[in-house]
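In terms of our numbering, the sequence shown opens at residue 409 and continues consecutively. We put the CB at the ideal spot given by N, CA and C, even for glycine. Quantities reported herein were computed from a predicted structural model and do not represent experimental measurements. Comments concern the structure below.
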Amino acid sequence: MPVVLATGNPHKVSEVAGILGPGWEVVAEDVEVEETGETFEENALIKARAAAAGAVSRARTGAEPPCVLVLADDSGIEVDALGGEPGVRSARWVPEGEWIPSLLRALDGVPADARTARYVCAAAAVWPDGREHVVRGTVDGTVALEPVGTGGFGYDPVMVPAEGDGRTFAEMTVTEKQALSHRGRAFRALLSVLAEEPPRR
Ligand code: IMP
């Protein structure tokens with residue numbers, strides 16, 4: 409089944425394609441939309457609705473085959489010692505190359521047992537007829553003292569999931585990451601919701 413994923417992030421595309429499995433053909437669409445929501449859920453819906461508007465209009469003009477379902481996620485890291493920041497602003501609080509250095513500087517002197525954090529992902533689904541769903545997945549962990557690993561993206565080199573074996577997400581394969589990750593949990597929950605509600609065209 410074709411599905412549009414509203415993102416310009418190739419890591420999200422491969423993670424979500426892996427989570428959804430072989431029955432789904434994921435087509436990425438990089439939507440230019442301002443993330444004005446105050447919650448992960450609001451921003452996930454903003455992205456999904458924007459992509460749905462484009463996908464539906466293209467399907468109507470016959471420009472490409474209709475993609476009936478549009479998915480999006482909004483995600484980030486909440487750091488307890490920073491009062492939950494950067495949270496929904498994780499992609500924007502500092503420029504991309506500064507994400508990890510800024511986080512480690514902000515936690516300078518904070519001991520290992522106080523470096524608790526969680527990844528949060530809101531996964532949204534929007535059908536062309538306007539039906540919408542949004543669900544949340546989280547994974548608890550700690551922020552490492554220094555980056556380790558080259559896989560994943562974003563904060564993965566410093567995020568050590570509590571349910572893991574001590575490795576950062578950047579030291580895991582995509583399959584290992586999605587078994588534990590906020591995104592894996594959110595999109596698996598979304599699949600359960602969608603399974604209860606078959607598509608109507
Ligand atoms: P979004 O694309 O607006 O959802 O931005 C999410 C931001 O949160 C990303 O740019 C990363 O900085 C961070 N983030 C979200 N999910 C992950 C993840 O799985 N690993 C590492 N960083 C993540």
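Span separating the alpha-carbon of residue i from that of residue j
i    : j    : result
P555 : A459 : 34 Å
S589 : R466 : 33 Å
G429 : D573 : 25 Å
V496 : E486 : 8 Å
Q586 : S498 : 20 Å
E437 : R575 : 32 Å
V435 : R513 : 37 Å
V424 : G505 : 24 Å
P494 : G484 : 8 Å
I427 : T558 : 21 Å
E605 : P410 : 17 Å
Near the ligand IMP: residue i beta-carbon under 8 Å from a heavy atom
i    : result
M567 : yes
T546 : no
E423 : yes
H590 : yes
A461 : no
W426 : The identity of residue 426 in the sequence shown is Gly, whereas the question assumes Trp. For the ligand IMP, not one heavy atom lies less than 8 Å from the Cβ of G426.
S510 : no
I485 : yes
T447 : no
Burial state of residue i (16 or more Cβ within 10 Å)
i    : result
A414 : buried
T583 : exposed
A603 : exposed
A578 : buried
M580 : buried
8 Å contact criterion, which residue i and residue j should meet: CB distance rounded
i    : j    : result
V543 : A594 : 6 Å
L515 : R523 : 6 Å
V566 : L477 : 34 Å between Cβ atoms; not a contact.
Item to check | Segment contact flag, the stretch 438 to 455 with the stretch 528 to 542, C-beta cutoff 8 Å, min 3 pairs | outcome: yes
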